[in-house]
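Heads up: the sequence lines are chains R and C, in that order.
Per the numbering used here, the first sequence starts with residue 7, numbered consecutively.
Per the numbering used here, the second sequence starts with residue 7, numbered consecutively.
2 protein chains.
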Amino acid sequence: MTASAAETLFETHKAQLDGALSAIRSRGYWSAFPESPSKRVYGETAAADGLAAFEAMKGAPFELSGHPGAGMRVGGEVSPYGPALGVSYPAATVDAVLAAATAALPAWRDAGVKARTGVCLEILKRINAQSFTFAHTVMHTTGQSFVMAFQAGGPHAQDRGLEAIAYAYDAMAATPEHVRWEKPQGKNPPLVIDKYFKTVPRGVAAVIGVSTFPTWNGFPGLFASLVTGNPVVVKPHPAAILPLALTVRIARGVLAEAGFDPNLVTLLVDDADDPIAKDLCTRPEVRIVDFTGGGAFGNWLEENCPQAQVYTEKSGVNAVVIDDFADLKGMARNLSYTFSLYSGQMCTTPQNVFIPKSGIKTADGVMSFDAVAAALAASVDKFLSDPDRAFAVLGAIQSKATLDRVEKAAALGRTVRRSAALTHPDFPDAVVRTPAMIALDAEADRETYGAECFGPVTFLIATEDTGDSLARLRETVAEGGAITAALYADDAAVIERARAVCEEVGVALSVNLTGGLFVNQSAAFSDFHATGANPAANAALTDAAFVANRFRVIETRIPVDEEPAETAA
Amino acid sequence: MTASAAETLFETHKAQLDGALSAIRSRGYWSAFPESPSKRVYGETAAADGLAAFEAMKGAPFELSGHPGAGMRVGGEVSPYGPALGVSYPAATVDAVLAAATAALPAWRDAGVKARTGVCLEILKRINAQSFTFAHTVMHTTGQSFVMAFQAGGPHAQDRGLEAIAYAYDAMAATPEHVRWEKPQGKNPPLVIDKYFKTVPRGVAAVIGVSTFPTWNGFPGLFASLVTGNPVVVKPHPAAILPLALTVRIARGVLAEAGFDPNLVTLLVDDADDPIAKDLCTRPEVRIVDFTGGGAFGNWLEENCPQAQVYTEKSGVNAVVIDDFADLKGMARNLSYTFSLYSGQMCTTPQNVFIPKSGIKTADGVMSFDAVAAALAASVDKFLSDPDRAFAVLGAIQSKATLDRVEKAAALGRTVRRSAALTHPDFPDAVVRTPAMIALDAEADRETYGAECFGPVTFLIATEDTGDSLARLRETVAEGGAITAALYADDAAVIERARAVCEEVGVALSVNLTGGLFVNQSAAFSDFHATGANPAANAALTDAAFVANRFRVIETRIPVDEEPAETAA
Chain R
7 MTASAAETLF ETHKAQLDGA LSAIRSRGYW SAFPESPSKR VYGETAAADG
57 LAAFEAMKGA PFELSGHPGA GMRVGGEVSP YGPALGVSYP AATVDAVLAA
107 ATAALPAWRD AGVKARTGVC LEILKRINAQ SFTFAHTVMH TTGQSFVMAF
157 QAGGPHAQDR GLEAIAYAYD AMAATPEHVR WEKPQGKNPP LVIDKYFKTV
207 PRGVAAVIGV STFPTWNGFP GLFASLVTGN PVVVKPHPAA ILPLALTVRI
257 ARGVLAEAGF DPNLVTLLVD DADDPIAKDL CTRPEVRIVD FTGGGAFGNW
307 LEENCPQAQV YTEKSGVNAV VIDDFADLKG MARNLSYTFS LYSGQMCTTP
357 QNVFIPKSGI KTADGVMSFD AVAAALAASV DKFLSDPDRA FAVLGAIQSK
407 ATLDRVEKAA ALGRTVRRSA ALTHPDFPDA VVRTPAMIAL DAEADRETYG
457 AECFGPVTFL IATEDTGDSL ARLRETVAEG GAITAALYAD DAAVIERARA
507 VCEEVGVALS VNLTGGLFVN QSAAFSDFHA TGANPAANAA LTDAAFVANR
557 FRVIETRIPV DEEPAETAA
Chain C
7 MTASAAETLF ETHKAQLDGA LSAIRSRGYW SAFPESPSKR VYGETAAADG
57 LAAFEAMKGA PFELSGHPGA GMRVGGEVSP YGPALGVSYP AATVDAVLAA
107 ATAALPAWRD AGVKARTGVC LEILKRINAQ SFTFAHTVMH TTGQSFVMAF
157 QAGGPHAQDR GLEAIAYAYD AMAATPEHVR WEKPQGKNPP LVIDKYFKTV
207 PRGVAAVIGV STFPTWNGFP GLFASLVTGN PVVVKPHPAA ILPLALTVRI
257 ARGVLAEAGF DPNLVTLLVD DADDPIAKDL CTRPEVRIVD FTGGGAFGNW
307 LEENCPQAQV YTEKSGVNAV VIDDFADLKG MARNLSYTFS LYSGQMCTTP
357 QNVFIPKSGI KTADGVMSFD AVAAALAASV DKFLSDPDRA FAVLGAIQSK
407 ATLDRVEKAA ALGRTVRRSA ALTHPDFPDA VVRTPAMIAL DAEADRETYG
457 AECFGPVTFL IATEDTGDSL ARLRETVAEG GAITAALYAD DAAVIERARA
507 VCEEVGVALS VNLTGGLFVN QSAAFSDFHA TGANPAANAA LTDAAFVANR
557 FRVIETRIPV DEEPAETAA
């Protein structure tokens, strides 16, 4: 397949791209990849095929044909559901992947916008076709439940990738490839100049993966960089390699078929004892870094890679403010799901719930702080009382560090709801914990709730009043960052005040969620994930700012009319 | 005037904005502000009024009503044409302007995109009406000739400001302010969510002015930051304060009339002995920096302001490559203007002319390196032999440092054309010098031509052949940066090779200019000024990347349908 044949991929997927381009402008509901793991959508055998493919990968070397540095093998993933995966990956060096990526760059750059876009859309299509396989790889690296792993790790992640491609295509296509510029010269003939504009990449891009949402958080940067012409080195989290390794293999296959160097997308695996990301991200060839993970390393990357554009999504202290609110039951039901979903291991899960110490007015009269806290805890109890639902929502605890935090949470304050260990019916070794809910005092426990306590730990914080709650939200978000904020309030004036605080401190706000939308959900093509306006992240997924600096435009001017200049001045 | 009245300014200027929005998409010829200083355009008395206004400013305190820190006064500009200007400015402290700017931010942010855009367009309109006044202030701070000061310092700078406003408006308007999101839920009623998107600024913006093109290089950052909601602190170069002080005064007047705090635009004047830019740009409140000037300080800013988005346009070693080219006369005539214009004090002026040591083929047969060099020198001689034209093109030398460089240029190599001092008929104290042209060897003199020698000094560099010339271009631009490159070649294959080299090294290329377009010209709405892809600049004027990170979008979600969620998972 040649570059112009690669452009036929662009035509093949043009309707999908047009849909995405329209969606990022309207930001109404739209999705390219069905979130339902239904046979009607994905085919009769898709589920069984995906499971079989996953089973075949376990305990075996993961092959990447033609990948640099093959020979030695690395990798030691263990499923949060119990068994070690036993998958080994080619061990490559930073030198080797950067040399291969640099060599692959020129032909990819010169292929042009349409060819690159077509190839990236085809990669997404093939990833989508393997959504069930991805679901198992995501489930058994992150600890997500199967349905969540399918949706968030599959179609939702694919939508986020497509969204990034759409923004990048829109940004590149905004400048024409050629224009004839004609400047009037009074009575003289006009100046006529042919101008050509070419988008060129910045260099090599690094994607530093996260252990909880390797594809959902990894795809935006990966596709934004690749479609704008930058070869991509994927460095997964050592605990969640397989979903990104599978991504890399699919991408390399499409690239090779389309006549490009598969080393445009490479895999760099390290382990926790010998991390390689600092070495990679500070190399002069690396001009773009996309990172999702903890705040300490994210801040380090922001400050120590001046040669690169660094995009980070880090940690934060997400907040809920509860004011007088009639539908306490709806609120509690909605929050019980929010606190339970993936055991609080989402960067969008609220940590701090600010409640006036004097209580709130509800449809059933004034409820004290303790009564509100008890209602929230009881709602979690009730929600998790159905074991099928509990296991389908909680998933498993991804890391030892998160397990440690939830086990030590009781020492942080007054326990309102104790975290409990559950035994998974299908995976007896899975580490499953229900949320801990701890009551704190807004003033005395400032340090406790001001820091991130990642995992199934909710702080219920007694404040002076809602004004104090909003002040605490402002202060904690300004210092510690946040990706989400939520408010429950019947008073329109309180809603406006909360909105003003959130706009000032730069965090997205969800108001009075009692139905089927949850604060920790973020829909591609409509919701911006993170804002880039507070310490939790320096960029949003995905907007024009996320893509605009991944390429540059180089102009060539050639006069059409080479008449001598008689009046030079 | 209220915020909604400010929005009427948006309607007033909407046709102009629409023209600009169309132009940045097509990048064909378009201009909003006429470049001709004609009475038919600017009015019968505009020229006399502008001169009178300038004369009235000289030797007097420059008033900025309500500006923070008034009391002490500073400023010591001296015209490159001779006389001290004698203008003094309010002395403000960094603390005072940042406190005032921070206090002014919320109302400006909350006014919304249309109100801010309307106000910025009105500021530009009023600046345009004072184009003659600006011309004199630019002439007598930068040393540009009057006509150049009028065009580059007036309408061309205004066009660049409008271009930045258009890109920023386009970026902000790309996200709707409100959408109703409806997600189908199978047989159940859809999820219906109202989503509101608000653009918020990053914080306070700093504009660090340059001595040679204070308005042309200053307006893009100033207007891009202001229209996206960021208060702007303008810190002019101590040698070129007046054009930006006048800009600040006009902006403050429009802001106050529209009901906003005039401290949204403030002036911070320092002097060369006590520079204040480092203190300003490293302050936590400052979240955007736009800098034009030397490479050393630009690099310092890029590396030492992690809290800010830093946009730089620095120095470089612009190159011309000459291959076999029939129309030697046309080339020499075109380059004679290019080398003479503003005495080489443009960031777009070529410094290094690479010519094969064995000479080139022309319509008149093979010409040796020395013959080509002599032809270029003779063309400069001829071009400057008309004194009126010479003074109208050369202008005056802006700084002592530039004068030193041209006076010492002869020591750098073999003189092909000696720089001469000219006595300006109207300004006997003006420092006027014609270009020095120095022959160098590509290998032996690598260090000499690899560094920037800003001013009227042209290096004619003998290379092995055009392949070597292109390699030298690549090497010098990769290390030292460049804003322009030019090629003269009849062979289409050579043109393609040069284009590939320039695309790789990230510099714009002009090919075979022999007529009325000159390599050092850059037209708003069509040419990108700098690329951001080599060390000369980390951004281009103006593209989407220049504006996208100056604001963030904060989302608020509110369910329309508050039906209870029955099937939470």
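Ideal Cβ placement from N, Cα and C applies to all residues, glycine included.
Measuring alpha carbon to alpha carbon, tell me which residue in the options is nearest residue i.
i, options, result
"R/Val525", "R/Ala21, R/Val238 and R/Leu347", "R/Leu347"
"C/Ala495", "C/Ala325, C/Val517 and C/Ala251", "C/Val517"
"R/Leu127", "R/His19, R/Gly88, R/Ala492 and R/Ile256", "R/His19"
"R/Val316", "R/Gly538, R/Ala38 and R/Gly77", "R/Gly538"
"R/Thr440", "R/Tyr455, R/Ser385, R/Glu470 and R/Ala492", "R/Ser385"
"R/Ala332", "R/Phe360, R/Ala369 and R/Gly473", "R/Ala369"
"C/Leu466", "C/Pro207, C/Ala38, C/Tyr455 and C/Gly512", "C/Tyr455"
"R/Ile564", "C/Leu547, C/Val553, C/Ala542 and C/Ile501", "C/Ile501"
"R/Val378", "R/Ser342, R/Gln404 and R/Phe397", "R/Ser342"
"C/Arg556", "C/Asp276, C/Ala230, C/Lys414 and C/Ala113", "C/Ala230"
"R/Phe360", "R/Lys120, R/Ala468 and R/Ser532", "R/Ala468"
Can you give me the C-alpha to C-alpha distance between residue i and residue j, rounded to a whole angstrom?
i, j, result
"R/Gly56", "R/Glu41", "16 angstroms"
"C/Ala571", "C/Val295", "Low confidence applies to C/Ala571: its pLDDT is 42, below 50, so where it sits in the model is not reliable, and the reading given next is rough at best. Approximately 48 angstroms, taken between the alpha carbons."
"R/Glu69", "R/Met63", "10 angstroms"
"R/Ala402", "R/Thr562", "56 angstroms"
"C/Gly88", "C/Leu409", "14 angstroms"
"C/Pro434", "C/Ala427", "12 angstroms"
"C/Ala59", "R/Glu485", "50 angstroms"
"C/Val323", "C/Gln357", "6 angstroms"
"C/Val559", "R/Ala491", "15 angstroms"
"C/Gly522", "C/Ser137", "24 angstroms"
"R/Val566", "R/Val198", "5 angstroms"
"R/Arg31", "R/Thr482", "32 angstroms"
"R/Pro393", "R/Leu250", "31 angstroms"
Which one or two residues does DSSP pair with residue i in a beta bridge?
i, result
"C/Phe297", "C/Ile214 and C/Thr318"
"C/Ser94", "C/Pro67"
"R/His184", "R/Tyr202"
"R/Gln191", "R/Asn194"
"C/Asn358", "C/Ala325 and C/Phe465"
"R/Pro207", "R/Phe557"
"C/Pro84", "First, the residue type needs correcting, since residue 84 of chain C is Val and not Pro in the sequence shown. DSSP, once it has assigned bridges, lists C/Ala90 as partnering C/Val84."
"C/His430", "Note: C/His430 sits in no beta bridge, so no partner."
"R/Asp447", "R/Ala468"
Taking the alpha helix (DSSP H) that residue i falls in, what are its first and last residues?
i, result
"C/Arg452", "Arg452 to Gly456"
"R/Thr408", "Lys406 to Lys414"
"C/Gly227", "Pro220 to Val233"
"R/Met78", "Counting along the chain, R/Met78 falls outside any alpha helix (DSSP H), and DSSP gives it neither H nor E."
"R/Gly371", "Per DSSP, R/Gly371 belongs to no alpha helix (DSSP H); it is in the beta strand (DSSP E), Gly371 to Met373."
"C/Thr472", "Thr472 to Gly486"
Can you give me the start and stop residues for the beta strand (DSSP E) that residue i sits inside?
i, result
"R/Ala420", "Sequence check: residue 420 of chain R is Arg here, not Ala. From DSSP, the beta strand (DSSP E) with R/Arg420 extends over Arg420 to Arg423."
"R/Tyr173", "Looking at the DSSP string, R/Tyr173 is not in any beta strand (DSSP E); the run it does join, the alpha helix (DSSP H), is Pro161 to Ala179."
"R/His577", "The requested residue 577 of chain R does not occur in the structure, where chain R is confined to residues 7 to 575."
"R/Lys363", "Unbroken run through R/Lys363: none, as it is neither H nor E."
"C/Ala562", "Inspection of the sequence shows that residue 562 of chain C is occupied by Thr rather than by Ala. Note, C/Thr562: beta strand (DSSP E), Phe557 to Pro565."
"C/Tyr494", "Ala491 to Tyr494"
"C/Val239", "Val238 to Lys241"
Can you round the beta-carbon distance between residue i and residue j to whole angstroms, since I take them to be within the 8 angstroms contact cut?
i, j, result
"R/Trp222", "R/Ala170", "R/Trp222 to R/Ala170, Cβ: 12 angstroms. No contact."
"R/Val210", "R/Ala283", "Not really, about 14 angstroms apart at Cβ, beyond 8 angstroms."
"C/Ala98", "C/Gly75", "3 angstroms"
"R/Ala155", "R/Ala141", "5 angstroms"
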